Amino acid sequence: MKYQLIFVWLFLASLNINAKTLCKLKGEVYNRSSKEIYLFKASENIRKFPEKMKLLKVNNNKFEYSFQVDQIEPYVVVFKDELDNGAYKKIVFFPNDEVVLKLYAFDEFEDKTLAIGGLLNQTYYQLIREEYKIYKDETYVGLLKGKRELETNNQYFSTEMMVIHKQLSQKSKETATLFAEQKMLVDKGNDLTELGKENKRRIDSLFAINYSHKYVLIDRNINLAAYYLLINDLQRAEQFPFLKQLIKGSSEKFISTFTSHNYSAQLKTFLESQDLIKDKGRFIDFEAENGNGVTVKISSLFHQNKLILLNFWGSWCGPCLAKMEMVYPIYEQYKNRGFDVISIAREFKTLTAWRNRIKANGYYWQNIVDLDDKYDVWNKYGILNSVGKMLLIDQNGAVIAYDPTPKAIEDAIKKYF
669 MKYQLIFVWL FLASLNINAK TLCKLKGEVY NRSSKEIYLF KASENIRKFP
719 EKMKLLKVNN NKFEYSFQVD QIEPYVVVFK DELDNGAYKK IVFFPNDEVV
769 LKLYAFDEFE DKTLAIGGLL NQTYYQLIRE EYKIYKDETY VGLLKGKREL
819 ETNNQYFSTE MMVIHKQLSQ KSKETATLFA EQKMLVDKGN DLTELGKENK
869 RRIDSLFAIN YSHKYVLIDR NINLAAYYLL INDLQRAEQF PFLKQLIKGS
919 SEKFISTFTS HNYSAQLKTF LESQDLIKDK GRFIDFEAEN GNGVTVKISS
969 LFHQNKLILL NFWGSWCGPC LAKMEMVYPI YEQYKNRGFD VISIAREFKT
1019 LTAWRNRIKA NGYYWQNIVD LDDKYDVWNK YGILNSVGKM LLIDQNGAVI
1069 AYDPTPKAIE DAIKKYF
């Protein structure tokens, strides 16, 4: 009988997300003078599709709006003035018959902002309150203070990293190029001093404990709110390897409960890509389109080349362009000797900027594109943020280097050739 009840609960949980709901949204704004708020689905890319946002007016520190939802999924509101300034906090809520949002100023967000109405909102805010506790932990606060003192005394960042910081402040080089050089130092572990590394190690260990506690709570709440928080953690999993293991440990429960939800497809694809690329060192074949709109399979472009650099980029991605500029001389030197670059662009709405960028920069290696995520290439490769990646592979699809530096590419070429 116990297991029958569990099955019924899981079945109802998966069914409920597809129920049509009229949501009456009420908002109360405290300690700020903002007069406009944006509303949009959490799944929307508002930077690329700003027309997806609904602008709501705040009158006497209150607002109301009713809207129909075809399935239960997280929505977001942000203050327009924060979004316009480039630094904003997302206020997440899940539609219910009635949802009341209590919205506070930027510096009071973690402690007071709340969505009231329904189990999902209750679960979500309970979980993020637990997650935010680390920022008030005495040990964490002390380590953060120590980090600032090391920075003040020029003892936190390495000499190479401080040179880049100085160049950024003086704008002595192209910003995108400097950011690319900065990332290379981080990837190689050359961005911090030994004191800086020790401080970071201790902070990371606190986050590991915090995340472990968070996932105990997530495992106790197999619902869409907890699933949303798990999916949000996918991007951080690359930074914190221990987080990837926690996600993997919780994944089966959520995937089996929400079998048809797009979160499950995203999570399965992410885990499969991590397993194949990072753990087994194999590339994932995929399709995209060439400049004529013809679908091509990536492996069909390898030809007889011994080494291929897969370059995931976008015409809008400054750090990607900076890395490409550093790779281009290598391509020119070895393009007729068994080395090739295949660039896979992620573009939105139109290919005009993509075509213009290729022409302006002279990127006449092999170029294909995934417009509006039609082929889901970025998710297949676990690239969950807006910045691209590079993957160096051999002719058999074995991964030689993940996000290699130009020097690592040249070293591999010399070794293979």
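669 is the number that my numbering gives to position 1 of the sequence shown; each next residue is one higher, with no gaps.
We treat Cβ as the ideally placed atom computed from N, Cα and C, and that holds for glycine.
Note that this is a predicted model, so its numbers are computed, not measured.
Opposing strand residues paired with residue i [DSSP bridges]
i       : result
Leu811  : Note: Leu811 sits in no beta bridge, so no partner.
Val768  : Lys694, Ile784
Tyr706  : Leu723, Val746
Tyr733  : Leu693
Asn1035 : Ser1011
Glu957  : Thr963, Val1037
Asp1062 : Leu975
Arg950  : Ala1066
Leu860  : Phe825
Val760  : Val744
Phe980  : Ile1012, Lys1057
Exposure of residue i, with buried meaning 16 or more beta-carbon neighbours within 10 Å
i       : result
Thr843  : exposed
Gln972  : exposed
Ile674  : Per-residue confidence for Ile674 stands at a pLDDT of 47, beneath the threshold of 50, marking its modelled position as unreliable; no derived number is given.
Asn1004 : exposed
Leu683  : Its pLDDT being 47, under 50, Leu683 is placed unreliably by the model, and nothing is read from it.
Ser918  : buried
Val676  : Only weak support exists for where Val676 lies, its pLDDT of 49 falling under 50; the value from the coordinates is given anyway. So Val676 ends up on the exposed side.
Gln838  : exposed
Thr791  : buried
Leu723  : exposed
Gly786  : buried
Leu680  : Bear in mind that a pLDDT of 49 at Leu680, under 50, signals an unreliable position, so the number given afterwards is only what the model happens to contain. With fewer than 16 Cβ atoms within 10 Å of its Cβ, Leu680 is classed as exposed.
Tyr803  : exposed
Ala893  : buried
Asn789  : buried
Val884  : exposed
Tyr800  : exposed
Phe926  : buried
Val726  : buried
Ala854  : It is Val, not Ala, that sits at residue 854 in the sequence shown. Val854 comes out exposed.
Contact belief for residue i with residue j at Cβ below 8 Å, rounded distance in angstroms
i       : j       : result
Leu902  : Leu1052 : 5 Å
Lys936  : Glu798  : The pair is not a contact, with the Cβ atoms about 27 Å apart (cut-off 8 Å).
Arg950  : Ala1080 : At roughly 17 Å, the Cβ-Cβ gap does not stay under 8 Å, so Arg950 and Ala1080 are not in contact.
Leu898  : Ile886  : 6 Å
Leu693  : Tyr756  : Contact doesn't hold; Cβ gap of about 19 Å is too wide.
Leu969  : Gly1006 : Leu969 to Gly1006, Cβ: 14 Å. No contact.
Phe761  : Gly986  : Between Gly986 and Phe761 the Cβ distance is about 33 Å, and since that is not below 8 Å, they are no contact.
Asn728  : Leu811  : With a Cβ gap of about 43 Å, Asn728 and Leu811 do not count as contacting.
Tyr1086 : Trp1033 : Since the first residue shown for the chain is 669 and the last is 1085, residue 1086 is missing from the structure and cannot be characterised.
Glu849  : Ile832  : 6 Å
Met994  : Pro1074 : 5 Å
Asp805  : Met829  : Asp805 to Met829, Cβ: 27 Å. No contact.
Leu874  : Tyr808  : 5 Å
Leu939  : Lys921  : 14 Å between Cβ atoms; not a contact.
Neighbourhood of residue i by C-beta distance below 7 Å, restricted to the same chain and skipping five residues each side
i       : result
Leu782  : Lys770, Tyr793
Pro763  : Thr689, Cys691, Val737, Ile740, Tyr743
Ala1069 : Leu1060, Ala1076, Ala1080
Ile1026 : Asn1035
Ile714  : Phe708, Lys720, Met721
Asp749  : Ser702
Tyr931  : Tyr895, Ile899
Leu944  : Arg950, Ile952
Trp1022 : Ser983, Ala1013, Glu1015, Val1037
Cys988  : Trp981, Gly982, Val1055, Gly1056
Asn822  : Met830
Met992  : Asn979, Trp981, Tyr1031
Gln934  : Ile899, Asn1047
Ser711  : Glu741
Close Cβ partners of residue i (< 6 Å) along its chain, the five nearest in sequence each way excluded
i       : result
Glu955  : Thr963, Lys965, Tyr1043
Thr845  : Ala990
Asp1038 : Ala956, Arg1014, Val1045
Phe910  : Ala876
Lys1082 : none
Beta-carbon contacts of residue i that lie in its chain and below 8 Å, excluding the five residues immediately before and after
i       : result
Glu819  : Phe825
Gln942  : Ala905, Lys912, Gly1050
Lys730  : Lys694, Gly695, Glu696, Val697
Ala773  : Tyr698, Asn699, Arg700
Asp1062 : Lys974, Leu975, Ile976, Ile1068, Tyr1084
Lys670  : In this predicted model, Lys670 has a pLDDT of only 46, less than 50, meaning its place in the structure is not dependable enough to derive any value.
Any C-beta of chain C under 7 Å from that of residue i
i      : result
Glu955 : Included in the structure is just one protein chain, with no chain C present.
Are the stretch 703-711 and the stretch 734-749 in contact at 8 Å, needing three or more beta carbon pairs? yes
Just checking, does the stretch 1008-1017 make contact with the stretch 968-984 on the three C-beta pairs under 8 Å criterion? yes
With three or more beta-carbon pairs closer than 8 Å as the criterion, would you say the stretch 870-879 touches the stretch 902-918? yes
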